[in-house]
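Residue numbers (this note's numbering), protein chains in the order written: chain A, 1 to 110; chain B, 1001 to 1240; chain C, 2001 to 2778; chain D, 3001 to 3542. Right, one structure below, let's go through it.
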Amino acid sequence: MMYNAGLFQYLSLAGVLFILGVFGVLWRKNAIIVFMSIELMLNAANLVFVTFSRFMASHPDGYVAMQGHMFAFMSMVVAACEVAVGLAIIVVIFRNKKTIDVDDMNLLKG
Amino acid sequence: MISLESYIPALAFLAEAAADAVKTGASEMNFGAGDFFFYLFAVIAVFSAFMVVTAESPISSALFLVVTFFAMAAIYALLSAHFLAVIQVLVYAGAIMVLFLFVIMLLDLRKEELIEKRHWLLGAVGFVVGIALVVLMVASFRLSQNVEVAVKSGTDQEAPDAAKFPAIQESADQIDGSRIEAARFGTTRRVSKHLFREYLFPFEVASLLLLVGIIGVVVISRRRRRRRPPGEVIDEEGAS
Amino acid sequence: MPLELLQLAATASQTAAGSGLPTGRMLIWILLFPLIGMTIWGILGKRLRRETVGTLASLAIGLSFIFSLGFFLAMLVREGHGAYTYTYYTWIAAGKWFSIPFGLRFDHLSAVMALVVTGVSTVIHIYSIGYMRHDHAYWRFFCYLNLFVFFMLMLVLGDNLLMMFVGWEGVGLCSYLLIGFWYDDRNHPAETNEQGTGNAIAGKKAFIVNRIGDFGFVLGIFFIFVTFSLMTNDSAELQKAYAGAAKQLHVTDVEQITPLKFSHLKAIIESWPEGSHLPVMVLTLIGIFLFVGAAGKSAQIPLYVWLPDAMAGPTPVSALIHAATMVTAGVYMVARMSFIYVEAPTAMMVVAGIGALTALFAATIGLAQNDIKKVLAYSTVSQLGYMFIAVGVGAYAFGIFHLMTHAFFKACLFLGSGAVIDFMHHKQDIRGYGGLRKYLPITHITWVIAAYAIAGLPFLSGFYSKDAILEKAFEFAPHGMHWFGYAVFGMGLAGAILTAFYMTRVTALTFWGTPRIPEEKLATFKKPPGTMKAALVILAFLAIIGGYINIPAWWSSDHKGGQYFVTWVQHWTKDKVAEERHFVQHGGAAHDEKAGHDEKAGDDGKAQNDGDKEAAEKPHKEGSEVHEGMSLGMLAFLLTLLSVGVAVIGVAAGMAKYGVKKTGAVPPAEGEKLTPLHAMIKNKYWIDELYEGTLVDPIHAGSKYVLWQGIDVFIIDAFVDGLAWFTLRIGAWVRRLQTGLIPVYVIFMVAGLVAMLIYFFAYGILEMPTFFIKGGGK
Amino acid sequence: MNPSGIQLFLKQNFDIQTVMPLIVVAATALLVLLLEATIRGKSRTFLTAVSLVGLGVALLLTLFNFPGAKQSSFYGMVRTDAFAQFFTVIALAAGSLTLLLSANYLPKIKSDTGEFHALVLLAVCGMILMAIGNDLIVLFLGIETMSIAMYILCGIRVDAEKSNESSLKYLLLGAFASAFLLFGIALIYGATGTTNIEALINSGGVLYGISGIKEYQWDTGAYQFAETAAQYFFILGVAFVFLGFAFKIGAVPFHMWTPDVYQGAPTSVTGFMAVGVKAAAFAALIRVFLGIVDFGDLYSSNAIAYQPLMDLKDVLLGVIWLVAVLTMTLGNLSALIQTNLKRMLAFSSIAHAGYALVGVSVALRLSGDDRDAAVGAVMFYLLAYMFMNLGAFGVVIMMNRGNDEGEHLHDYNGLASYRPLVAAAMAVFMFSLAGIPPTAGFVGKFYIFSAAVSAGTVEGYGLYFYSLAIIGVLNSIISVYYYLYPLRNMYFVSAEREHKVELRPLMSASILISTIFVLWIGVMPKGFLSRALEGAKALFFG
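Okay, structure coming up:
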């Protein structure tokens, strides 16, 4: 049955979320929303990890394939760090420029 | 077994409901509860993600992101990733989102945020490129459904090459035990067993990473400070 | 005879010293003296007195010269005149088959070059003490100059292509630094070039044009490596050749042979197995690539454009780098790689053809220049063309010979011009000179000697070398095509007549006639200091005697003696002359006749020669030894007569136009018409009018309006500049993409990924699923 | 488990010695933070000294007490071979030179805090992780540790808008690229069932991932093994991972952040980014991609029918060929028209990444000794590039006086007349960057291009690699044009006014060290190259 939630369905969900994230980065001007979109992409990647981890029958080394879980866990740490640092930078920029519009970040170009 | 799902029965329920999906080699399946919940949360996740990208105010974006994260957590639970589901709620929906909302409030951005008007060329190029990415990715994913392999052609009854795929032999045993496996798979116990053995080193590295994040926030968010000669009284405002 | 004398001297000095011969290890000192000097001036120069810096810098180069001389003498007394080589350490090594040693090679070829470089450099250093006496950056000048000598010696003495390349780039760097030495145009307005471009721009142009040449050089090196290294090519022939080379070089292991080392490459090519052919196509390609490099450095068509601009530098620099040493590096390189060129006649044709074209083309432009240094610059380009004719027709040793004599007389001319410029307060326009003979007598005498040496008048050094080159060109027949040799010969001859003419012109306009600025003003100008005069005298002396180390063969009774220099250099170079001569000897009778034709026809023997091609190609086996020798001597004699003839004609024409009247014919100022000149020289000789009408004026006008302002400035220069402009335009266009906007950058990243995925699909490692293709799927 | 068994177990899986340099550097970072907090107000030179001592100890440990070749530890998470050793040395040296350069620069930009030192040290930790990482998770964490530290370092001038902007741009785009990298790793994991590079190769070319499960067929209604799907995920994942690495090394078209970020960041950080981040990213790129290619080869060897993975090598070769060509060319062309020296050096760093990519693409095609030579050439090039580029940035820093001054080309007018030694050092760096002998840059380029030429002799690949070598050489000719600009200004243009260039000891020491190494590597490259070759040999099968 094609409607059973199998590998394809989970991956497609991840892909759709990922691409929505890409579109968010492309289209939004507000740095915070751009940042949220990136979080969406990271989440999508996590979903892929967990999906594969689950759907993989087992690992030849004899242990259940948990690498995906580990990776997802680590990537949450990474995301947390990035968010913390990124929001700090956004705050500083707002303090200096009174805007967080990414299109106004064009002192550096050419 | 003391595990998270003991405390959160919903997680266990979802995991069990979805266990069928992971059955390898299962033939005909009916549309089950796991499928239903998957589609439910998938629709919620996609819809709210879409709203994150298109919502006019950053506040609503942030709130929709919380919804997405919750839906994702549910989907993790469907995948028997109990631990991750909890972490997802705690870290993402809890900590990270609070941070987002906090910053949005701090910056007081409510008024100016309407959906932006961009140069049409940028929009067009972005659209084309993005759509191309969608098509290519979906195409590749679809291939997971459309296997045309000559290697193991024949019917689905044909025994897999066990020498080449040792995993398959084991998986056959797990078909029946998939419900049990679903309950055990991503428990805190199992995750921690791996996390503090094989993944001890990355775990330590992650603490290093967090240290970087902490220093970073301290350095960045500190207001500019004048250099003081030793002994001078610290100016409270300047220190921030 | 000189050889024996030198041998005697060497033996004497050796016994006097009571010690053995120098060892190869000491070769590094030749390089070290300039390097040490350069370091000291670079760090301490500002704090030292001017005289100290100049004297010690000259001394450093002088010591290098003495060491070179020592090695040269040691080579003379050495058994078999063997070369000195020494490998200090491995510079670059990768894998089993690839190692480039840092080694020096003082052999017959590099000995000559080292002596010329250090010798002329010493003289020019001494001259610079006087010439640069007022300059504020005196120490910097000597620092650069010493660095230049270091790199030039590295180029000359390096025993492999990469070390040569290091020196090659190094001299380019120094040239760049020295051309732009007077970057501050306010101090020296007169020495900017005529287009009004600054010195720094001239320097940059030189550097970049040279890099185009270097591109060819690098490609040549690459192809040599790819073709002759066992690492990249393990064909059976090459392995046999390596085995043979190992035997020849007395090394036990073929792994020690590396094709980038001159001696090893030569051995490989020489021991190419019998019965299998060398890869002539590749060799031709290599030869042409290397020649592109040489053309860049030695200012040949179309890469010569930088050299005239390079005259913006101080005059001693023009003398040393842009006349005597650096620009001849290309000639040296071709001579060094002669074993490749002799196997690739097509590459030789290219070299000789370009050389001949340049010799003629630059000489014609030289006719119309009014800047004294520009005349000399184009003359240098032209003379370099002669050297390339020589190395192109296979007379490598003669090319080196001309290189040496040219170093003497052209350095002398440049230094003379420097003395004049210094005297005239940095005015370089010859229209403002005239009658300087009275004020600069020594400069005048040395100038005349050098000018007639370059013109090829007999008994001066230029005569011996240029005459020999033309003779070899006449005998040149690549792929049996005699007409090519005759064409080269014809162009060389035409160039010679023009050379004689414009040298007379510039001499007359500068030194003869009456001064064109008030005499009372001239009397107040300061005379050049003694160091400058000394340098001029030394070089003029060398310009006289320089030719006698290689007197023409037919002067001696057995037609073999006298060629000391060439015999010496031919220890390394593989002159094809011998074979060609053999061929000519067989076709001797036909050639004698043709030589006669040529003489009567003047400077252009090409038309007739084409017709005689068939006759020349017929083998004549019946000729006896005596007959052949006679015919050879006769031919050489006739050719010599011919070249003397054209030199005399050129000088006479120049005298007729510019030198006979006391006032002289002054070229018109900018914008003035040419016609008033005619009145001045009218009714003199009927030959004048003939020349005026048929030769001088058309050529003069043609060279000025067509060649110089047309082809030189408008096409070749514009092409080189246009290339740069085009590149910059692309850069500017690319820059517009760099908008600074994050979404744009994101789009580029995603587009890159999409392009990559599309490529994957196009390649077929990813496939579209069937639901995208209606009716597809299996 | 008997005692010796425990020892063996610990030796294999918890061998602290393998990560000793990392621990030393991280501990130094913590120490610096503590000192900063306790001795507030004291001279920051002291903190520099402490950091340098830490880096020095780590360097000594790396050079002389590095665990034996090809030893992996922590359950295969790290692998301490000569390759890792080489890049660890590069990271440590880059960090040391950066700190030396920063010592006198930080007060000028009013960012003189101990956190700067700590962050540089932690970024070095990230680079070391990327050098020793044997598992994609370690590589990913290393990349993130390094990158996040870099985001902060770029924005450490919190009061300068350019610095803020640089930081935000780097962070947004870097996180974006990281998401792709993560997604790609996930796909590769799904296909192969492992994230460990060594395990990937030791798998004998079998896709252990989702290929073990059966998938429903839409068109036939049957279930089949997802072998093809696994292959496709693998390929898709390779593309995504390539984006992630290409972003870090600044390869076209993922390079566009480079000039902006480099220009806005504090100059010493720019130098650090240009050499350290790039070298570390190359280390990871080489390890991962050569592993992938090896895996593809093994896979092909036991494939029964036509498999997409068999062509992966050629496809990757084509991609990296094009990327290398574009990177070299665009980097150089864009640098041509810059008037800001920092920006020019940023574009030039793109071009240099292109040269190094030439070596990588060669290494993808070759095998055995030849591949070692190509990888060794890249490693050697990165080492040479570190010294010459950091030296050039050092001179830029020396010219700086707190604002953007010293970045523009006309600030260099007449430098040779009043600071001849600084000008001479700059000339050495410029010539090295342009690849003119006898400098390190020339030797590095020579190795890379000769590797390309020797790869051209592989049957059927002549056009690929000869053209690569020729384009590379042409590019280095173009590059001479803009490297001459500062030279021209220093030597041939008179100064309108003399800058007050302070020759502070630490900064001068850094420039002096760079100069010495540039010339040393240029004149006697053999020792350096042999270490690089050792490293290349230690990678995987050598």
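Ideal Cβ positions, reconstructed from N, Cα and C, are used throughout, including at glycine.
Interface residues of chain C around M3524/D at Cβ under 9 Å? The sequence position of residue 3524/D within the fourth sequence is 524, counting from 1. Within 9 Å Cβ-Cβ: Y2089, T2090, W2091 and F2102.
Note down the Cα distance separating L1209/B from I2043/C, rounded to an integer number of angstroms. To locate residue 1209/B, count along the second sequence from 1; it is residue 209. To locate residue 2043/C, count along the third sequence from 1; it is residue 43. When rounded, the distance between both Cα atoms is 48 Å.
Locate the alpha helix (DSSP H) running through Q2383/C, then write down its first and last residues. Position 383 of the third sequence, counting from 1, holds the residue named residue 2383/C. It spans I2372 to G2392 - the alpha helix (DSSP H) in which Q2383/C sits, taken as one unbroken run.
Output, in chain order, the set of chain D residues within a Cβ distance shorter than 8 Å of T2328/C. For the purposes of this step, residue 2328/C is taken as residue 328 along the third sequence, with counting starting at 1. By Cβ distance, chain D contributes nothing, its closest Cβ being about 20 Å from T2328/C, past 8 Å.
Mind pulling the chain A residues with CB within less than 8 Å of L1106/B? Start at 1 with the first residue of the second sequence, and residue 1106/B comes out as number 106. In chain order: V91.
Selected residue, minimal CA-CA separation from A1062/B, among K97/A, R95/A, I32/A and G6/A: Walking along the second sequence from the start, residue 1062/B turns up at place 62. Considering only alpha carbons, the answer is I32/A.
Give every residue of the same chain whose Cβ lies closer than 6 Å to the Cβ of S3147/D, excluding the five residues on either side of it in the sequence, and list them in chain order. Numbered from 1 along the fourth sequence, position 147 holds the residue referred to as residue 3147/D. So the qualifying residues of the chain are G3174.
Keeping to the same chain, check which residues put their C-beta closer than 7 Å to that of I2517/C; ignore five residues upstream and five downstream. Residue numbering aside, residue 2517/C sits at position 517 when the third sequence is read from its first letter. Excluding sequence neighbours, I2517/C sits near G2432.
Can you confirm whether A31/A, when its beta carbon is compared against all beta carbons of chain D, has any partner nearer than 8 Å? As a working mapping, residue 31/A is identified with position 31 in the first sequence. Yes, because at least one Cβ of chain D sits closer than 8 Å to the Cβ of A31/A.
Distance between M3386/D and K3500/D (C-alpha atoms, nearest Å): Walking along the fourth sequence from the start, residue 3500/D turns up at place 500. Walking along the fourth sequence from the start, residue 3386/D turns up at place 386. Approximately 27 Å, taken between the alpha carbons.
Closest by C-alpha distance to L2993/D, when choosing among S75/A, V16/A and R28/A: Because chain D in this structure spans residues 3001 to 3542, residue 2993/D falls outside the shown range and cannot be described.
Is there at least one Cβ from chain B nearer than 8 Å to V16/A's Cβ? For the purposes of this step, residue 16/A is taken as residue 16 along the first sequence, with counting starting at 1. Answer yes: the Cβ-Cβ gap between V16/A and chain B drops below 8 Å somewhere.
From this set, L3330/D, D3294/D and L3035/D, which residue's C-alpha is nearest S3203/D's C-alpha? Position 203 of the fourth sequence holds residue 3203/D. Comparing Cα-Cα distances from S3203/D to each of L3330/D, D3294/D and L3035/D, the minimum goes to D3294/D.
Do you know offhand how far I3152/D's Cα is from D3112/D's? As a working note, residue 3152/D is residue 152 in the fourth sequence. As a working note, residue 3112/D is residue 112 in the fourth sequence. In a straight line, the C-alpha of I3152/D is about 14 Å away from that of D3112/D.
Quick check on DSSP: helix, strand or coil for G3237/D? In the fourth sequence, counting from the first residue as 1, residue 3237/D sits at position 237. Assignment of G3237/D by DSSP, reduced to helix, strand and coil, places it in the helix class.
Using 10 angstroms around the beta-carbon of F1102/B, count the other beta-carbons present and answer buried if the total reaches 16, otherwise exposed. By one-based count along the second sequence, residue 1102/B stands at place 102. Burial call: exposed.
Short-range partners of chain D found in the stretch 2211-2224 of chain C, where Cβ spacing is below 8 Å: R2211, I2212, D2214, F2215, V2218, L2219 and F2222
Does the Cβ-Cβ distance between G3244/D and A3351/D come in under 8 Å? As a working note, residue 3244/D is residue 244 in the fourth sequence. As a working note, residue 3351/D is residue 351 in the fourth sequence. No, the pair does not count as a contact, with Cβ atoms beyond the cut-off.
Taking the beta carbon of Q3231/D as the centre, do at least 16 other beta carbons fall within 10 Å, making it buried, or is it exposed? The residue labelled residue 3231/D in the question sits at position 231 within the fourth sequence. That one is buried.
Go ahead and pull the three-state DSSP assignment for D2429/C. Within the third sequence, residue 2429/C is the residue found at index 429, counting from 1. Strand, per DSSP.
So, at 6 Å on beta carbons, what are the nonlocal neighbours of R2025/C in its own chain, with the 5 sequence-adjacent residues on each side left out? Locating residue 2025/C in the third sequence gives position 25, where the first residue counts as 1. Result list for R2025/C: Y2086, in chain order.
For the beta strand (DSSP E) that G2103/C lies in, which residues bound it at each end? For the purposes of this step, residue 2103/C is taken as residue 103 along the third sequence, with counting starting at 1. Element bounds for G2103/C: F2098 to F2106.
Shorter than 7 Å, the distance from the beta carbon of I3477/D to the closest heavy atom of the ligand ZN, or not? The ligand content of the structure shown is nil, which means the ligand ZN is not present either.
Hey, out of A3049/D, L3047/D, F3140/D and T3045/D, whose CA is closest to L42/A's CA? Here the question's residue 42/A lines up with position 42 in the first sequence. Per the Cα distances, F3140/D.
What residue range does the beta strand (DSSP E) around Q3071/D cover? Locating residue 3071/D in the fourth sequence gives position 71, counting from the first residue. Unbroken beta strand (DSSP E) run through Q3071/D: Q3071 to S3073.
Hey, is R2505/C's beta-carbon within less than 8 Å of any beta-carbon in chain A? Counting from one through the third sequence, the residue named residue 2505/C turns up at place 505. For R2505/C, the answer is no, since every Cβ of chain A falls outside 8 Å of its Cβ.
Between the Cα of F2719/C and those of H2125/C, Q2239/C and P2302/C, spot the shortest distance and give me the residue it belongs to. Start at 1 with the first residue of the third sequence, and residue 2719/C comes out as number 719. The shortest C-alpha separation from F2719/C is found at P2302/C.
Out of S2276/C, M2491/C, I2321/C and T2252/C, which has the shortest C-alpha to C-alpha gap to T2122/C? The count along the third sequence starts at 1 and reaches residue 2122/C at position 122. The residue with the shortest Cα to Cα distance from T2122/C is I2321/C.
State the Cα-Cα distance for the pair L26/A and G3056/D, rounded to the nearest angstrom. The residue labelled residue 26/A in the question sits at position 26 within the first sequence. The residue labelled residue 3056/D in the question sits at position 56 within the fourth sequence. Approximately 44 Å between the Cα atoms of the pair.
Between the beta-carbon of P3021/D and the beta-carbon of T3088/D, is there less than 8 Å? Position 21 of the fourth sequence, counted from the start, is the residue given in the question as residue 3021/D. Position 88 of the fourth sequence, counted from the start, is the residue given in the question as residue 3088/D. In this structure, T3088/D lies closer than 8 Å to P3021/D by Cβ.
Can you tell me whether I2687/C is buried or exposed, with buried defined as 16 or more other CB within 10 angstroms of its CB? On the third sequence, position 687 is the one that residue 2687/C refers to. With a pLDDT of 43 at I2687/C, under the threshold of 50, the modelled position of this residue cannot be trusted; read the value that follows with caution. Its Cβ having fewer than 16 others within 10 Å, I2687/C is exposed.
Could you check what DSSP says for Y2089/C in three-state terms: helix, strand or coil? Translated into the one-based positions of the third sequence, residue 2089/C becomes position 89. In this structure, Y2089/C counts as strand in the three-state DSSP scheme.
Residue environment, F1038/B, which counts as buried when at least 16 other CB atoms sit within 10 Å: If you number the second sequence from 1, residue 1038/B lands on position 38. By the neighbour-count rule (16 or more Cβ atoms within 10 Å), F1038/B is buried.
To the nearest whole angstrom, what separates the beta carbons of I3478/D and N3332/D, a pair I think is in contact under 8 Å? Counting from one through the fourth sequence, the residue named residue 3478/D turns up at place 478. Counting from one through the fourth sequence, the residue named residue 3332/D turns up at place 332. So it is a contact: roughly 5 Å between Cβ atoms.
Near G21/A, which residues of its chain fall below 6 Å by C-beta distance, leaving aside the five closest residues on each side in sequence? Within the first sequence, the letter at position 21 stands for residue 21/A. Taking G21/A as the centre and dropping the five residues before and after it, the same chain places the C-beta of S37, L40 and M41 closer than 6 Å to its C-beta, in chain order.
Using a C-beta to C-beta distance shorter than 9 Å, which residues of chain G count as neighbours of V3078/D? Of the chains in the structure shown, none is chain G; the protein chains are A, B, C and D.
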